[in-house]
Each structure stands twice: as structure tokens, then as C-alpha cells.
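Okay, so here's the structure we're looking at.
2 protein chains.
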Amino acid sequence: MAAISQPEATPPVDAMVRDLARQARNASRALAVANTETKRAVLTRAAELLEGELAEGIVDANARDLAAAAENGLSEAMIDRLRLDRDRLAKVAAGVRQVAALPDPIGTTDDLRTLPNGLRVGRMRIPLGVIAIIYESRPNVTADAAALCIMSGNAVILRGGSEAFHSNRAIAVAFTRALADADLPEAGVTLVPTTDRAATTALIAQDAYVDLVIPRGGEGLIRFVTEHSRVPVIQHYKGVCHVYVDGDADLERAVAIAVNAKAQRPGVCNAMETLLVDRACAAEFLPRLAEAMGAAGVELRADEESRPLLPGSVAATAEDWDTEYLALVLSVRIVDGIDGAIAHVREHGSSHTESILTRDEAKAARWLREVDASLVLVNASTRFNDGFELGLGAEMGISTTKMHAYGPMGLEELCARKWIAHGDGQIRE
Amino acid sequence: MAAISQPEATPPVDAMVRDLARQARNASRALAVANTETKRAVLTRAAELLEGELAEGIVDANARDLAAAAENGLSEAMIDRLRLDRDRLAKVAAGVRQVAALPDPIGTTDDLRTLPNGLRVGRMRIPLGVIAIIYESRPNVTADAAALCIMSGNAVILRGGSEAFHSNRAIAVAFTRALADADLPEAGVTLVPTTDRAATTALIAQDAYVDLVIPRGGEGLIRFVTEHSRVPVIQHYKGVCHVYVDGDADLERAVAIAVNAKAQRPGVCNAMETLLVDRACAAEFLPRLAEAMGAAGVELRADEESRPLLPGSVAATAEDWDTEYLALVLSVRIVDGIDGAIAHVREHGSSHTESILTRDEAKAARWLREVDASLVLVNASTRFNDGFELGLGAEMGISTTKMHAYGPMGLEELCARKWIAHGDGQIRE
């Protein structure tokens, strides 16, 4: 031991993040008991600021990010995702108003019943507390996440990508100002005010103050967070989604669903990556599929058996079955009926979205029951695995692990349920 | 790099645990799709074996554990908890039959609705997969955990305390044999066949095969598991439970509830550790409390203001407010009404069980809404935070963290919910 004791050196970023997290925890207590009208007023005011008073400042801040992006050689697609103009801001504001219009889950109770001893018990929805979200690129996530967390009574710590830093900061101001206008603590929405990467590591170590971390981005980010976090993490690694065309499918509809699942928006996690086809209908179905996919500009990678039936296809390799292309590429494999399809999905699926196309209700029921994915479909496109499409409103991300939430995370999934019991003197015998 | 490459040395315990976990994962697939009748038949058969054919072997195995416990100087209380005789085995079997009689959650759906596009969506309960439970002493946990996991379609890996090793192993045989009798894989119930402590560390590293870890035991065990686990952990650190006696309480009932909460079974987590009393009724209530607690053999540790009102009490120290006594000791503090009580619970509570005693419905409603604990009560004893008492049937433990489950974990809490959607050709526009 040294003769004169020194306080342990704390890097300034660590100390700053800990302070922010502590303040967010305090703020979460006020948000947890805020009533529905107050939370709606905050979101309405934030939406107003986003397209009104603050719009010019946000567009200017975005211009700084765009200039840096061009300088750093970001792709056109990435620059486009980053861009904010008045039109896009109006859409962001509309999204915030949409969240404000959703039913408030906090304080709602279910499973109510009266026990034989007269104790009335039930479960009441409460906020989780403090939610940290770590995300890349698109600055609209800043507004979506802030709106969802405020409406569900949670405080949020936003850790956006460095390429959108100025945009994110300018958007966050709309929420902190709206919170202050409602006499709620500004720390309810906290943007980590640095691009220093050490801030991420510091954030996921704050298990005393942060209840949940949601990483949204590439697999590398998610693995890093999962491995280093002391806080529970909601994971979403990738979407290797399948459509299985059964021998009893309506083949015309099957072609339309397959094209939609693959090509309507190929760069997203709920797009189909592999099509499985029952041997029983392969000879009839695959040539029609090849024609439609060809017209949609999709490259086909086929297993040995299906290749002759798919003009213009190339040979699939073992790697293809585990690849999330996020592009106009589709792997195709012939399987032995529903058993073969279930076995393939079990081995190569990513617990994301799996669809069967069949007119046989027994097979449909078996698929729904036996296939393990956050959304399992019958006779519909995989593209429906999305909070808006499933009727939840906005989403905070999609969970592909089963703890706490499985699938799109809307307001309810940002809540816990506590037990409540109302008695008149009950004691335990 | 060495000239001749050597396979990396893997300690034999690590390799064994990984193998067991992989087999449990495979077994979980069969259990996930087993129907209700099959699962009930497994539990009924296991109960039959526990009190029939295997009873003598279990009692003999238990005798070895008891002999070792005596040799190792375990306390009488611990030895009693460890002891199994025919009577206790009959109770264990009855508990297994009780689980078999519970409604099967797997495959049940809720939140069913039809979206504007005609897609019928809902959420279906599915098993989590493989659950590891790490527990100390009482061998009946082996049967409870196995029964709950089988009924909820999960595979379970049991890691019991070394002091009950032979008893646990003998009990587990009832379940593996019952699984085999129903043509289900024996690995659905796996007891870690060693007392080597390295097995625990290896088990919580199996994130590829294990979905959830539930540690049940002292705070040290739980902290160790939380810090080292790569698998999500359900935590339950301790129960520092409060009863708040409001100025509007029925004081006669309040005395009865307080004595029940403290003294009916002081060694459990849902026993009261601190009583908070409204200044408004302290002078009237505390002398009556002192008399009743004295009669129940409870030592009182009082804050400065309440001490003169509590004959025979000693002075509480700052440490008392954070202590889980698990004994006939109670700390008492006078607070400024419900605000003071909520502030005390916020600072010293353990998110376990918090009860208000009042006849004022507005204060009751505020307590239910604002106090953060897995069970929040009005006018009832804290002792009701228990799966059986709340009508869940047996429980796998109590969660005091909000992720996934908060409160007693019964069959439903051992499930996840996946989204299901049934269409007739829906594609996304």
C-alpha cells in the first residue's frame, strides 16, 4: 500500500457515463408515475418541435453529418439513410404522434382473480426502468426510441452511431425540451454526448442503473454487447428467414408470396433468404419461380436437385444455407415434405420468421406449433414480422431470443408485470 | 506456433458438462412437442416411482448424505432440511402430481385478432428450451424443478448442492425412467453427476445449449452466477420486505398481520424484516405491537423515535434497514405517512414484497401503483408471495428482477410467446 492513498483513477468517459446513467435512473422514477395525459403531451410537444421550431437546427446538424459522411467516403445508400430534410422530419414527427396515440400499458392490470381466502390478486404493468439503446446510422431511431420509452414510462439512454452524432443530438433536444415543459426531468431522454467508443463499454457496465440494453446494428456490435454487458441484453443477430412451399400449396399465390418475401425490400431482416420446396411440387413450381424471380432481378443459388429446374441459377454452396444476403439473392432447396423443411429450418434458421405455404390445415397447424421462430406464418409473406404490420405500432427492435420478449418489441414488451394483491386482513395459516 | 499442433487441452469436467448440455438441447426438442397427456403420464409415473419402487433406494441414498452431513458438522436445521423419509417422499410425489394437474401452457394462444388485411395473428406459448437450475440443500427442489420443466416442455439441467448429491441423484432417476417409459429422451432431466465445483462454471458458459439459469441459494451463489454467466440469469438476491402501518389502518388487524408476516415462518424470503409506522398512529400502535411481538419471541430494533414506545427494544443501526434477518428479529421505524414509507422502501427495499395496511382506498391505490416490488399488497401479510399462495401451483423460484419474470415463476413464466399468423396469400404492399 502506498504511504499516501490516492483515489483510484477513473477515466473521464467512465465517470461521465456513470453520472448520466444515475441521472437517468432518478428520472425513470418520475416517468414511471407520470400519467397518460402528461406522457401524451410530452410526445405531442416533441413532435411539434421536430417539425417546427427545431427543424432548421436539425437539418443544419444533419448537414454537418452528411458532409463528414461524404468526406469519409460512406456509400450513397448509407448517406441516403442518414439524410434528414423537412419532409423526412415531418414523417419522424408523425411517428412520434402515432406512439402518443397508442394505449398506455402502464398501470393496466390483467389475470385478475379472487383467491379462496378472499385476496384479490392480479398483475400490473410497470416500466422496466432505464433502457439503453445502442444503434447505428439512421437518426429516426433516436425519435422512435425516445417516444416508445417515454410512453412506456421508461427513461432511455441513446447511444447512436458517430456518423449521425450531430443529427441525433439535435433530435434529442426536442424530447428533453418537451420533458422540461411538462415538469419532467430532462434526463428521461439522455443522448451520450460523445463519439468516444469507450462510452459504449462504460454504458453496458452500469448494471446498478440500467435495466436493459438493446443493441441494433450488425452482428459484430450485438456480439460485443452480449459478451461485455453486465446488463440484460435483447439480441437480434440476423434474419435467415425461410418460405416453405408445400406440395399442397396454391402455386400461383406461392410465386407471389415468394417474390414479395424476397424482393419487396431485400435489405431488411424479415426478407426471405432461402426457399424450401416440397419435392412433390418442385417440377411444377420451380420453373414458374425462376421466371418471376428473374423478372424481379433475383439471383438464384440452387441445390443440385433443383438446379435443372431453375434456368439461370448457380450452384449453392454449404455456406449459402446460413447466409443473410440482404440483397436480391435467394437460395433454393428441394426437401422431403414438411419434415424435411422443419429439419432444415431447425438447422439453419435464425429464430426470426418462417412461413409455410399450404392448403393442408393439418400441416399448417403442425408448422405453427413445431417451428421455433419469433413469427411463424401460414400462407403469408415473411415481411410481416414488424411492429407496425402486426398491429403493435412502432417497435424498439425485434428480439430473436426468448427471454423477456420474442419478436417485435412494442410498448408492452418494454414493460414488466408486478403482482398486486388487495386484501382485508388475510394472513397465512 | 508449435511445430506439431496439439488439440487444445479441455478439462474433463468442461467437456462433460458441454456434452450434457448438448444432449439436453436435443432432448428439449422432443419435450417441446410432447402433448399434454404424455407429459402428465411422465409426471404421474415419476410420482409413482418416487413413493414406490424407488423409495427405498432414495432413502438409502439420503442416509449417505445425512451421514456425511453429520460428519461435516452441519447444523441440526440443515440436516433436518436434508432428511427424506417415506412421509416426506409421499409429499414430494404429491407435489409432482399437483404439477401434472395444472393446465398445460404450451400451445395455448392469446392476443388473437384479425388485422385489416385479413391476417389472423396471435401469440402462442412455447417452452424456453433448456433451463439450468443451481440450488443448495433441500432435495425436494430436484423433483419440483423436474416436474415444472417437463410440464412446460423444457429440458432441465439440475445442479444441486454437494451435501444432497446422492439424494438428488436418486430422485432424478424417477424422472429419467419415467421419460424413457414414455419414449421421451432421458436427457430431458439431467443431473450433473459430479460435486466438482468446476461443473457450475462450465454449466453457465453453455450459451449455445442453455437458455436460462436460475440460481437458488445464498447471495454469494447468485452474485457468482450473475457475474460469470453467458446465459441469461433470473436473480433473487434477498427479501427485505416491509409492512407499512398507515394512520388509517385497522390497528387490531395490523398487529395480527405484522405478527404473521414476521413470525409465522421467519427463515423465508417473504417474511417481513422492517415495519414502518405512520407517525400519526405510532403512539397507539407501537405498544400493542411490542406486546404481540414479545409474545411471539421477536427481538425489536427500533429507531430513536419509536424506541420509547417499544418496551424491551434495542436501538437500530443504519445497517438494520438493509438486513434480511431470516430470524425472529424486526426493525421498526416511524415515518411521515405514505410518502415517508415509499421513500424508505425505495431506498432499502429489495423489489420483493411490500405491504400497506390502510383503510384509505386512495392511499392503497397509490401504494399499488408506485411501489416497485414483485408483489405489492394491501391489508395482507407479506407471506403470500409464493407460487402456491398466488394460485400458480409450484414455483421454480421468485424473480426480483424485471426481465422476463417478476415474482414467483410458475409454468407460464417458464415459457416464451412466439407470434403466429395465419393468412390466405397476404403480401406486403
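As given, the protein sequences belong to chains A and B, one line each in that order. The opening residue of the first sequence carries number 1 in the numbering used here; numbering runs sequentially from there. The opening residue of the second sequence carries number 1 in the numbering used here; numbering runs sequentially from there. Cβ coordinates follow ideal geometry from the N, Cα and C atoms, glycine included.
A residue is called buried when at least 16 other Cβ atoms come within 10 angstroms of its Cβ; residue 314 of chain B does not meet this threshold and is exposed. Linking residue 73 of chain B to residue 165 of chain B through their CA atoms gives a straight-line distance of about 17 Å.
Contact between the segment 182–189 of chain B and the segment 102–110 of chain B is absent: fewer than 3 CB-CB pairs across the two stretches fall below 8 Å.
Of all residues in the segment 404–422 of chain A, only 404, 406, 407, 416, 417, 418, 419, 420, 421, 422 place a beta-carbon less than 7 Å from a beta-carbon of chain B.
Interface annotation, residue 185 of chain A: not in contact with chain B, CB-CB separation never under 9 Å. Within the segment 367–391 of chain A, those residues whose Cβ lies closer than 8 Å to any Cβ of chain B are, in chain order, 368, 369, 370, 372, 373, 374, 375, 376, 377, 378, 379, 380, 381, 383, 384, 385, 389, 390, 391. Neighbourhood of residue 119 of chain B in chain A, by CB distance below 7 Å: 380, 384, in chain order. Chain-ordered, the chain A residues with CB closer than 7 Å to the CB of residue 232 of chain B read 232, 403.
For a Cβ distance threshold of 8 Å, residue set 425, 427 of chain A lies close to residue 256 of chain B, ordered along the chain. Short of 8 Å from the beta carbon of residue 169 of chain A, and not among the five residues preceding or following it, lie these beta carbons of its own chain, in chain order: 61, 191, 193.
When DSSP states are grouped into helix, strand and coil, residue 72 of chain A belongs to the coil group. Contact annotation: the segment 349–358 of chain A touches the segment 234–241 of chain A, with at least three C-beta pairs closer than 8 Å. Taking 9 Å as the threshold, the shortest C-beta distance from residue 291 of chain B to chain A does not fall below it. Sequence-distant partners of residue 387 of chain B (beyond 5 residues in either direction) whose C-beta falls short of 7 Å from its own C-beta, in its chain, are 393, 394, 395, 408, 410. Assignment of residue 60 of chain B by DSSP, reduced to helix, strand and coil, places it in the helix class. In the assembly as shown, residue 111 of chain B is an exposed residue. Its beta-carbon has fewer than 16 other beta-carbons within 10 Å.
Residue 410 of chain A sits in coil when the DSSP states are folded into three classes, being neither helix nor strand. Residue state for residue 201 of chain A is assigned as helix, using DSSP reduced to three classes.
Against chain B, a Cβ distance below 7 Å from residue 253 of chain A picks out 425.
Against chain A, the CB of residue 181 of chain B has no partner CB under 9 Å away; the residue lies outside that interface. The beta-carbon of residue 220 of chain A is placed no less than 9 Å from the nearest beta-carbon of chain B. Here the segment 19–36 of chain B lies against the segment 118–135 of chain B, with 3 or more beta-carbon pairs under 8 Å apart.
Residues of the segment 31–45 of chain B with a Cβ closer than 7 Å to any Cβ of chain A, in chain order: 33. Within chain B, the C-beta atoms nearer than 8 Å to that of residue 264 of chain A come from 427, 428, in chain order.
If the five residues before and after residue 114 of chain A are omitted, its C-beta is found closer than 6 Å to the C-beta atoms of 120, all from its own chain and listed in chain order. Less than 9 Å separates the beta-carbon of residue 330 of chain A from that of residue 272 of chain A.
Put simply, of B/321, B/93, B/292 the residue whose alpha carbon is nearest the alpha carbon of residue 302 of chain B is B/321. The beta-bridge partner set that DSSP reports for residue 352 of chain B is empty. At least one C-beta of chain A is nearer than 9 Å to the C-beta of residue 129 of chain B.
According to the DSSP assignment, residue 49 of chain A belongs to no beta strand (DSSP E) but to the alpha helix (DSSP H) extending over 36–51.
Per the coordinates, the alpha-carbon of residue 400 of chain A lies some 24 Å from the alpha-carbon of residue 20 of chain B. Spanning the alpha carbons of residue 418 of chain B and residue 254 of chain B requires a straight line of approximately 44 Å. For residue 126 of chain B, at least one C-beta of chain A is nearer than 9 Å to its own C-beta. Counting only the Cα atoms, residue 66 of chain B lies some 11 Å from residue 76 of chain B.
Close partners of residue 107 of chain A in chain B (Cβ separation under 8 Å): 369. Two segments are said to touch when three or more pairs of C-beta atoms, one from each, lie closer than 8 Å; by this definition the segment 206–215 of chain A does not touch the segment 48–61 of chain A.
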